[in-house]
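Quick notes on the structure that follows.
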Amino acid sequence: MAEVEFRGISRRFGDVQALHSLDLAVADGEFLILVGPSGCGKSTALRLLAGLDKPTSGEILIAGRPVTRSGPGERDIAMVFQNYALYPHMSVFQNLAYGLRQRRTPRAEVNRRVHETAVLLDIDELLDRKPRQLSGGQRQRVAMGRALVRRPQAFLLDEPLSNLDAKLRTQVRGDLKRLHREVPVTSIYVTHDQVEAMTLGDRICVMSNGEVQQIGTTDDIYNRPSNTFVAGFMGSPPMNLVPGEVRGGTVRVAGAALADLPSPDRPVTVGFRPEDLRIGGPWESRSVPARIDFCEPLGSHVLVHALVDADGTGPEGTPSNVIAQAPPGTAYDSGARVGFSVAAGKTYVFDAETGQAAPPPARDRVITA
Amino acid sequence: MSVQASGQDAAATQGAARPGWVGRLRRSEGATGWLLVSPGAILIGIFGLLPVLMALKLSFQKSDLLTPDTPWVGTKNYRQLADDPRFAEAIQHTIVYTALFVPGTMLVGLLVAAALNRSVRFISVYRTAAYITMAVSTISEGIIFLWLTDKDYGLVNATLNAVGISSQPFLASTSQALYVIVAMTIWGWTGFAVIVYLAALQGVPSELHEAAAIDGARPFTRFRTITLPLLSPASLFLLVWLTINALQLFDEVYLTTRGGPLHATTVIVYYLWDQAFVQFNAGYAAAMAYVLFLVSVVLTAIQFRLARKYVHYS
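As you go down the protein sequences, you meet chains L and W in turn. Residues 20 to 388 (our numbering) make up the first sequence, in order. Residues 65 to 378 (our numbering) make up the second sequence, in order.
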């Protein structure tokens with residue numbers, strides 16, 4: 020186990036700057052998630068750490084040792100690839116043993132460690148099979164086993180669950196969490212799935228356009244997003260972001276006063292999460308007027324899609340779409356006029372131009388529908 | 065009115081239950097299939113299957129290709145093959161040629177393909193240069209090698225002379241001619257092997273190399289333990305294809321040495337041609353052709369049998 024550190028790492032591909040001076044430290048034994056949309060630089064960062072690519076500038080340290088110029092085999096890391104990258108012509112045993120054999124591990128030790136790892140991952144019955152004879156979940160476990168068996172200083176995982184179906188993904192997510200508890204190796208996990216990010220990581224690093232947007236725990240990221248990107252990316256459905264304004268120390272959306280904010284008058288972006296919204300009549304005081312678009316019943320709850328009216332429209336005059344999470348059985352006709360109110364302490368305010376969270380945090384008015 | 069209607073119904077019911085043979089043929093998928101494949105099947109039958117059967121019959125006859133008299137001789141032609149020292153010699157030359165040509169072409173093709181499987185400037189120029197041997201006709205190939213290996217004016221001897229080695233007879237030497245033909249045909253087939261291997265190399269996922277690199281394997285180990293096994297389907301294809309072609313070597317021998325000097329390059333098919341069209345001993349040549357055919361089938365079967373163990377399909 021070891022600490023991993025990126026110091027001012029940049030990577031440019033021709034005219035495209037994939038990473039902008041990344042500074043990131045991962046503690047010994049920590050499970051860090053790199054999350055972001057496609058092209059945000061998360062996989063580039065992982066490949067640079069693995070030694071599969073060289074940075075344009077900056078330095079990478081593993082256990083305090085600079086490894087920027089070391090080859091992948093010299094870094095003592097292990098990686099689980101998105102498509103598992105199991106050697107198709109080798110048995111599961113040979114796949115697990117390959118790395119140990121490259122390091123000239125004695126045969127008896129190879130056998131012992133492979134069997135030990137296979138038992139840990141419950142793949143000991145599969146050791147003689149070829150990868151093509153395995154299911155998706157079994158392949159995933161073999162890929163994990165190949166990483167574990169070498170007892171590396173750090174695990175790198177590049178979207179390892181993305182090839183699994185939804186049910187299996189949930190199960191393997193739990194397995195990964197248990198595994199990290201049993202074998203607490205420093206792990207860096209790349210995903211674009213914010214549910215994986217929030218459930219698995221000790222900390223989450225949200226990236227966009229090659230830059231870190233925010234690093235923090237799930238609670239930090241979800242409840243204290245540093246900007247509109249993080250607010251809109253994390254959460255399913257994501258945070259509602261609508262144009263609003265600060266006027267007279269009050270945050271307003273479509274004329275409705277939602278929170279107090281001691282700040283000069285200015286346009287802002289106002290955020291509120293779907294589960295923090297209550298739907299009432301449009302005539303209720305201090306509620307945001309909206310028109311119902313459609314409802315999505317999901318069994319445990321209903322997602323109500325609505326369009327915010329009047330001066331809550333977007334900059335180009337398009338109404339802002341708002342999603343509210345309502346109790347099961349909720350139903351509205353399309354076009355019905357309603358009013359949204361936001362739970363106390365759950366209004367987020369961002370600068371309209373920079374998208375950064377407005378300091379100091381908004382002190383909400385208690386609004387009841 | 066009602067009678068007419070019921071009569072029509074009856075006819076319709078009868079038609080639906082028992083259509084005529086024309087109707088059945090029209091509806092039959094099999095008939096449509098046969099119609100579609102028949103032009104090709106007829107051509108193959110006339111120009112492929114029929115000569116094969118006629119050659120089989122010929123191998124049990126004595127024929128000079130000129131007179132209509134083709135007496136039945138039973139297995140005499142086959143028995144005669146067993147006692148023919150020139151046929152034994154031709155077999156020996158064919159084995160030596162095949163044993164050098166097949167692995168030689170595969171090795172050179174693999175090395176060139178591996179060298180070309182990268183992104184460097186002008187890569188398409190290099191690849192075209194490697195493929196170009198495929199576009200060279202066998203006649204041109206023969207002329208090029210006759211010129212290259214000429215004792216007095218050849219480029220190879222000029223180069224040897226420049227480094228202090230005396231001129232070699234090459235195609236005029238009983239000990240060198242077969243090896244020159246091996247080199248010539250390897251050169252001629254390299255483009256084909258390069259294309260096959262390059263396509264296969266590009267099908268090996270880069271993640272496997274990356275995973276092996278992270279596992280600590282060095283480049284040559286990665287090539288040996290990951291790339292080579294994954295190229296095995298391509299290698300099997302080349303092994304079978306090149307072996308069949310090697311057993312059928314004729315053009316290059318005909319163009320350069322005519323089986324000489326002193327039969328040193330007489331291979332099976334050249335000897336077969338000599339027997340059929342020079343000695344006019346067509347029955348004997350047909351028997352030889354059938355022996356060669358059986359050898360090819362057996363060798364291919366062995367290769368496929370071995371492939372079960374050594375060829376990996378991902």
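Idealized CB from N, CA, C, for every residue including glycine.
Subject >> Below-8 Å beta-carbon distance, residue 148/W vs any chain A residue >> reply: Protein chains in the displayed structure are L and W, and chain A is not among them.
Original post:
If you pair each beta-carbon of the segment 219-230 of chain L with each one of the segment 38-50 of chain L, do three or more pairs fall below 8 Å?
Top reply: Yes, since at least three Cβ pairs between the segment 219-230 of chain L and the segment 38-50 of chain L fall closer than 8 Å, the two stretches touch.
Original post:
Three-state secondary structure (DSSP) at residue 355/L?
Top reply: DSSP places residue 355/L in coil when its eight states are reduced to three.
Subject >> Residue closest to residue 284/W, alpha-carbon to alpha-carbon, out of 178/W, 353/W and 246/W >> reply: Among 178/W, 353/W and 246/W, the Cα nearest to that of residue 284/W belongs to 178/W.
Subject >> Beta carbon proximity, residue 71/L to chain W, threshold 8 Å >> reply: Yes, because at least one Cβ of chain W sits closer than 8 Å to the Cβ of residue 71/L.
**OP:** Give every residue of the same chain whose Cβ lies closer than 6 Å to the Cβ of residue 100/L, excluding the five residues on either side of it in the sequence, and list them in chain order.
**Re:** If we look at residue 100/L and ignore the five residues flanking it on each side, its Cβ neighbours are 177.
Original post:
At least one CB of chain W closer than 8 Å to the CB of residue 118/L: is that the case?
Top reply: By this cut-off, residue 118/L is an interface position.
Subject >> DSSP three-state assignment for residue 194/L, whether helix, strand or coil >> reply: Helix.
Original post:
Roughly how many angstroms separate the alpha carbons of residue 230/L and residue 321/L, rounded to a whole number?
Top reply: Distance between the alpha carbons of residue 230/L and residue 321/L is about 35 Å.
**OP:** Please classify residue 377/W: is it buried, with 16 or more other beta-carbons within 10 angstroms of its beta-carbon, or exposed?
**Re:** Exposed, since its Cβ has fewer than 16 Cβ neighbours within 10 Å.
**OP:** Compare the C-beta of residue 130/L with all C-beta atoms of chain W and state if any pair is closer than 8 Å.
**Re:** Residue 130/L does not count as touching chain W.
**OP:** Grab the span of the alpha helix (DSSP H) containing residue 76/L for me, first residue to last.
**Re:** Element bounds for residue 76/L: not the alpha helix (DSSP H) but the beta strand (DSSP E), 76-81.
Original post:
List, in order along the chain, the chain L residues whose C-beta lies closer than 8 Å to that of residue 371/W?
Top reply: The premise fails here: residue 371/W is roughly 13 Å from chain L at the closest Cβ pair, so nothing lies under 8 Å.
Original post:
Relative to chain L, which residues along the segment 269-286 of chain W have a C-beta separation below 8 Å, given in chain order?
Top reply: Flagged, chain order: 269, 271, 272, 274, 275, 276, 277, 278, 279, 280, 281, 282 and 285.
Original post:
Mind listing which residues of the segment 97-108 of chain L have their C-beta closer than 7 Å to chain W's C-betas, in chain order?
Top reply: So the list reads 97, 98, 100, 102, 104, 106, 107 and 108, given in the order they occur along the chain.
Original post:
Would residue 122/L count as contacting chain W if we go by Cβ distances under 8 Å?
Top reply: Chain W contact via Cβ: present.
Subject >> Contact with chain W by residue 63/L, beta-carbon distance below 8 Å >> reply: Chain W, which has no Cβ nearer than 8 Å to the Cβ of residue 63/L, makes this no.
Original post:
Hey, which unbroken runs of the alpha helix (DSSP H) at 4 residues or more fall wholly within the segment 146-212 of chain L?
Top reply: The segment 146-212 of chain L contains these whole alpha helix (DSSP H) runs: 155-167 and 185-201.
Original post:
Any Cβ of chain L within less than 8 Å of the Cβ of residue 36/W?
Top reply: Absent from the model: residue 36/W. The displayed extent of chain W is 65 to 378, so no value can be given.
**OP:** Specify whether the segment 198-212 of chain L and the segment 50-65 of chain L touch according to this definition: at least 3 beta carbon pairs, one from each stretch, less than 8 Å apart.
**Re:** A contact is defined here as three or more CB-CB pairs under 8 Å, and the segment 198-212 of chain L meets this definition with respect to the segment 50-65 of chain L.
Subject >> For residue 49/L, three-class secondary structure by DSSP >> reply: If DSSP states are grouped into helix, strand and coil, residue 49/L belongs with coil.
Original post:
What's the gap between the Cα of residue 277/W and the Cα of residue 88/L?
Top reply: Per the coordinates, the alpha-carbon of residue 277/W lies some 14 Å from the alpha-carbon of residue 88/L.
**OP:** Enumerate in chain order the residues of its own chain whose CB-to-CB distance from residue 240/W is below 7 Å, with the five nearest sequence positions on each side excluded.
**Re:** So the qualifying residues of the chain are 232, 233 and 234.
Subject >> Any C-beta of chain W under 8 Å from that of residue 125/L >> reply: Contact with chain W is absent for residue 125/L, since none of that chain's Cβ atoms lies less than 8 Å from the residue's Cβ.
Subject >> CA nearest to the CA of residue 119/W, picked from 375/W, 345/W and 363/W >> reply: For the residues 375/W, 345/W and 363/W, the minimum Cα distance to residue 119/W belongs to 345/W.
**OP:** Pull out every residue of the segment 289-319 of chain W whose Cβ sits closer than 7 Å to any Cβ of chain L, in chain order.
**Re:** Cβ contacts with chain L: 290, 293 and 294.
Original post:
Are there three or more Cβ pairs, one per stretch, closer than 8 Å when the segment 90-107 of chain L is compared with the segment 129-146 of chain L?
Top reply: Here the segment 90-107 of chain L does not lie against the segment 129-146 of chain L, with fewer than 3 beta-carbon pairs under 8 Å apart.
Subject >> Separation of residue 49/L from residue 197/L, as counted between CA atoms >> reply: Each residue's alpha carbon lies about 14 Å from the other.
**OP:** Please classify residue 134/L: does DSSP put it in a helix, a strand, or coil?
**Re:** Here residue 134/L carries a helix assignment [DSSP, helix/strand/coil].
**OP:** State whether the segment 119-130 of chain W contacts the segment 282-302 of chain W, with contact taken as three or more CB pairs (one from each stretch) at a distance under 8 Å.
**Re:** Three or more Cβ pairs closer than 8 Å define a contact, and the segment 119-130 of chain W falls short of that threshold against the segment 282-302 of chain W.
Original post:
Just reading off the beta strand (DSSP E) that residue 264/L is part of, what are its end residues?
Top reply: Looking at the DSSP string, the run of the beta strand (DSSP E) that includes residue 264/L is 259-266.
**OP:** Report the partner residues of residue 360/L according to the DSSP bridge assignment.
**Re:** 297/L.
Subject >> CA nearest to the CA of residue 212/L, picked from 61/L, 71/L, 305/L and 299/L >> reply: It is 61/L whose Cα lies nearest to the Cα of residue 212/L.
Original post:
Where are the beta strand (DSSP E) runs, 3 residues long or more, that stay fully inside the segment 59-118 of chain L, in chain order?
Top reply: The segment 59-118 of chain L contains these whole beta strand (DSSP E) runs: 76-81 and 96-99.
**OP:** Consider the Cβ of residue 229/L: report whether some Cβ of chain W lies at a distance smaller than 8 Å.
**Re:** Proximity of residue 229/L to chain W, defined by a Cβ-Cβ separation below 8 Å, is not satisfied.
Original post:
Taking Cβ positions only, does residue 179/L come closer than 8 Å to chain W?
Top reply: Answer no: the Cβ-Cβ gap between residue 179/L and chain W never drops below 8 Å.
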